[in-house]
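Mapping of the sequence shown onto our numbering: residues 2 to 178, in sequence order.
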Amino acid sequence: MELQGKQVLFFVDDEFEDLEMWYPILRLRESGAKITVIGPEKQKKYIGKYGVPLVSDLAFDEVKSEDFIGLYVTGGWAPDKLRRYPDVLRLTREFHEANKPIAQICHAGWVLISAKILNGYTVTSTPGIRDDMENAGATWIDEEVVVDRNLVSGRRPPDLPAFTKAFVDKLAEYVGS
Numbered sequence: 002m003e004l005q006g007k008q009v010l011f012f013v014d015d016e017f018e019d020l021e022m023w024y025p026i027l028r029l030r031e032s033g034a035k036i037t038v039i040g041p042e043k044q045k046k047y048i049g050k051y052g053v054p055l056v057s058d059l060a061f062d063e064v065k066s067e068d069f070i071g072l073y074v075t076g077g078w079a080p081d082k083l084r085r086y087p088d089v090l091r092l093t094r095e096f097h098e099a100n101k102p103i104a105q106i107c108h109a110g111w112v113l114i115s116a117k118i119l120n121g122y123t124v125t126s127t128p129g130i131r132d133d134m135e136n137a138g139a140t141w142i143d144e145e146v147v148v149d150r151n152l153v154s155g156r157r158p159p160d161l162p163a164f165t166k167a168f169v170d171k172l173a174e175y176v177g178s
């Protein structure tokens with residue numbers, strides 16, 4: 002259990018992509034990580050695109066980035082909502098400035114774009130936001146997972162095994178450093 006007892010932060014809002022949320026949660030728990038899910042409201046049930054619910058542990062303004070080893074941003078339509086919250090952008094920038102692992106998949110790149118942290122990075126995403134990623138200064142490539150320094154990016158649900166493994170590996174590397 003390479004991440005035993007280590008805390009990883011997950012953002013949530015309605016219309017998250019169900020598999021892109023639940024697969025990494027379960028895989029990280031299998032690795033021993035403690036998952037904390039935060040949303041606009043504490044202890045609120047958020048509903049995924051396909052109806053699978055997830056209850057937030059805390060609200061955005063109740064957490065400190067220094068309490069966590071990594072950040073996960075899910076895809077779906079939730080990222081378009083998430084990027085409008087100042088605390089989401091603040092936390093994303095704090096993780097990035099501390100060189101902590103940040104994982105983003107599918108449309109999650111929108112959050113990193115709004116946090117203004119993609120310039121000079123190589124990433125992937127759903128092809129639908131390729132232009133957005135490039136306009137934010139990133140180099141976009143069409144691969145199942147791309148790791149560039151502290152950022153781990155993936156395209157879509159079929160890429161979850163490789164993407165999540167890369168995130169677990171990056172978290173374990175961070176813990177070991």
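Each residue gets a CB set at the ideal place from its N, CA and C atoms; glycine is no exception.
Asked: Validate contact between the region 91-104 and the region 127-145 using beta carbons, cut 8 Å, 3 pairs; Found: no
Asked: Touching by the beta-carbon criterion (3+ pairs, under 8 Å), the region 9-26 and the region 47-58; Found: yes
Asked: Sheet register partners of residue 149 (DSSP bridge); Found: 152
Asked: Exposure of residue 150, with buried meaning 16 or more beta-carbon neighbours within 10 Å; Found: exposed
Asked: Beta carbon of residue 28 nearer than 9 Å to that of residue 124; Found: no
Asked: Three-way DSSP call (helix, strand, coil) for residue 177 in this model; Found: helix
Asked: Cut-off 7 Å between Cβ atoms - residues of its own chain near residue 165, not counting five sequence neighbours on either side; Found: 24, 25, 28
Asked: Test item: CB-CB of residue 77 and residue 21 under 9 Å; Found: yes
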